[in-house]
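Visitor: Quick note on numbering: the sequence shown equals residues 720 to 977 in our numbering.
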Amino acid sequence: MKMTLCKVIASACVAGALGLGATQARAQTGEVQEKPRLYTYVANWTIPRARWGDMEKDTAVSNKILDHAVASGTVVAYGDDTNLVHTAEGPTHAEWWCALSTAGALNVLDEFAKSAPSPVLASATKHWDNLYVSRFYNWRAGSVKGAYIHGATYRLKADAPSSSVSTLSKSFLVPMFEKLIADGSVQAYQIAEESIHTDDPNTFFIFFITANAEGLDKTSAALREATGANALAIPALVSMVDFTPHRDYLGHANATFK
């Protein structure tokens, strides 16, 4: 988004509104810094129910390619998930991998293109891809099976400052998730935007993975605590975010992090 005078003023107001939370976060965890760009490629599939069992076999084949990509340093994480809250138009399954460059993400895609066609993926009634980029993320190294992945979609208001995602991330999202990473409640998280825009450019996403269902409750409680601790956080959020198009995703996930 192009920064206008109104957005500069709004940015200053938001920074002031979140200043208390940011100061507290710095005192507790040190100043939050942007990390090198992390690119996440996600392949979404709508698979007929009769073929869901075949997806497990297909995923095992895909993991061989992804394990090699992790070993070579091409990617730093990968996983798969199955949707737990189905919608009429949504996906049933997804596969994803993360790299520290666009080339890394796309080189893995090229490897899949060279492999033998997958009969179960060919049976999909719908398929689409997303490529995300994040500067705020972290994970615990290792693998999780039967974990939970939660995704949330939000949209900034048209007059929100261009730095809104950074402001929200630094002020309370990253400090909150870092505490959850440290105590083991969360395995991984990222606050992302689309690198290749297939949706409104003002859209941003929050993804996190927990090893068990209890981690979902702990994250919800931490979010309530983080916003409740700063009386100005909610007004600041409302000033920047249009919650009308907000949507959530919840799935069972298997994931590996380097």
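Beta carbons are placed, not taken as given, at the ideal position from N, Cα and C, and that holds for glycine. Predicted model only: the values in this text are computed from it and were never measured.
Please classify Trp847 as buried or exposed, where buried requires at least 16 other C-beta atoms within 10 Å of its C-beta.
Guide: Sequence index remark: in the sequence shown, residue 847 carries index 128 (1-based). By the neighbour-count criterion, in which 16 or more other beta carbons inside 10 Å mark a residue as buried, Trp847 falls on the exposed side.
Visitor: Of all the options Val960, Met959, Ala974 and Val905, which has the alpha carbon lying nearest to the alpha carbon of Ala940?
Guide: Numbered from its first residue, the sequence shown carries residue 940 at position 221. Relative to Ala940, the option among Val960, Met959, Ala974 and Val905 whose CA is nearest is Val905.
Visitor: Roughly how far, in whole angstroms, is the beta-carbon of Tyr760 from the beta-carbon of Leu850, given that I think they are within contact range, below 8 Å?
Guide: Taking the sequence shown and counting its residues from 1, one reaches residue 760 at position 41. Taking the sequence shown and counting its residues from 1, one reaches residue 850 at position 131. At roughly 5 Å, the Cβ-Cβ gap stays under 8 Å, so Tyr760 and Leu850 are in contact.
Visitor: Which residues does DSSP list as the beta-bridge partners of Val863?
Guide: Within the sequence shown, residue 863 is the residue found at index 144, counting from 1. Beta-bridge pairing links Val863 to Ala974.
Visitor: Okay, do the stretch 859-876 and the stretch 919-928 touch, 3+ Cβ pairs below 8 Å being the bar?
Guide: yes
Visitor: Could you tell me whether the stretch 826-843 touches the stretch 874-891, where touching means 3 or more Cβ pairs closer than 8 Å?
Guide: Three or more Cβ pairs closer than 8 Å define a contact, and the stretch 826-843 falls short of that threshold against the stretch 874-891.
Visitor: Going by C-alpha to C-alpha distance, which of Phe976, Ala974, Val794 and Leu969 sits closest to Val804?
Guide: As a working note, residue 804 is residue 85 in the sequence shown. Of the candidates Phe976, Ala974, Val794 and Leu969, the one whose C-alpha sits nearest the C-alpha of Val804 is Leu969.
Visitor: Given 8 Å as the limit, is there contact between the stretch 949-962 and the stretch 924-936, that is, 3 or more CB pairs closer than that?
Guide: no
Visitor: Can at least three beta-carbon pairs, one atom from the stretch 775-794 and one from the stretch 802-817, be found at a separation below 8 Å?
Guide: yes
Visitor: Taking Phe976 as the reference, which of Arg859, His965, Thr806 and Glu808 has the closest Cα?
Guide: In the sequence shown, the residue the question calls residue 976 occupies position 257. If we check each option's Cα against that of Phe976, Arg859 comes out closest.
Visitor: Quick check on this structure: which residue in Val780, Ala779, Asn973 and Pro880 has the alpha carbon closest to the alpha carbon of Leu956?
Guide: Within the sequence shown, residue 956 is the residue found at index 237, counting from 1. Ranking Val780, Ala779, Asn973 and Pro880 by Cα distance to Leu956 puts Pro880 first.
Visitor: Taking the beta strand (DSSP E) that Lys845 falls in, what are its first and last residues?
Guide: Here residue 845 corresponds to residue number 126 of the sequence shown, with the count starting at 1. Unbroken beta strand (DSSP E) run through Lys845: Lys845 to Trp858.
Visitor: One question on the structure: do Arg770 and Ser834 come within less than 8 Å of each other, judged by their Cβ atoms?
Guide: Numbered from 1 along the sequence shown, position 51 holds the residue referred to as residue 770. Numbered from 1 along the sequence shown, position 115 holds the residue referred to as residue 834. Between Arg770 and Ser834, the gap from beta carbon to beta carbon reaches 8 Å or more.
Visitor: By Cβ distance below 6 Å, which residues in the same chain neighbour Val751 in space, the five residues on each side in sequence not counted?
Guide: By one-based count along the sequence shown, residue 751 stands at place 32. Once the five neighbours on either side are set aside, the close Cβ partners of Val751 are Lys889 and Val893.
Visitor: Here's a check: name, in chain order, each residue in its chain whose Cβ is nearer than 7 Å to the Cβ of Ile915, leaving out the five neighbours to either side.
Guide: Residue mapping note: residue 915 aligns to position 196 of the sequence shown, counting from 1. Excluding the 5 residues flanking it on each side, Ile915 has same chain C-beta neighbours closer than 7 Å at Leu850, in chain order.
Visitor: Going by CA-CA distance only, name the one from Val827, Glu808 and Glu944 that's closest to Leu899.
Guide: Within the sequence shown, the letter at position 180 stands for residue 899. Answer by Cα proximity: Glu944.
Visitor: What are the boundary residues of the alpha helix (DSSP H) that includes Ile766?
Guide: Residue numbering aside, residue 766 sits at position 47 when the sequence shown is read from its first letter. Element bounds for Ile766: n/a, residue is neither H nor E.
Visitor: Taking the DSSP output, what are the residues bridged to Phe896?
Guide: Taking the sequence shown and counting its residues from 1, the one referred to as residue 896 is at position 177. BP columns for Phe896 are empty, so no partner.
Visitor: Mark Thr801 as exposed unless 16 or more other C-beta atoms lie within 10 angstroms of its C-beta, in which case mark it buried.
Guide: Start at 1 with the first residue of the sequence shown, and residue 801 comes out as number 82. Counting the other Cβ atoms within 10 Å of the Cβ of Thr801 gives 16 or more, which makes it buried.
Visitor: With a 10 Å radius around its C-beta and 16 neighbouring C-beta atoms as the bar for buried, classify Thr964 as buried or exposed.
Guide: Looking up residue 964 in the sequence shown gives position 245. Here residue 964 turns out to be Pro, not Thr, going by the sequence shown. The residue is exposed, with fewer than 16 neighbouring Cβ atoms inside 10 Å.
Visitor: Just the Cα atoms here: how many angstroms apart are Asp902 and Lys937?
Guide: Along the sequence shown, read from residue 1 onward, the residue named residue 902 stands at position 183. Along the sequence shown, read from residue 1 onward, the residue named residue 937 stands at position 218. The straight-line gap from Cα to Cα measures roughly 10 Å.
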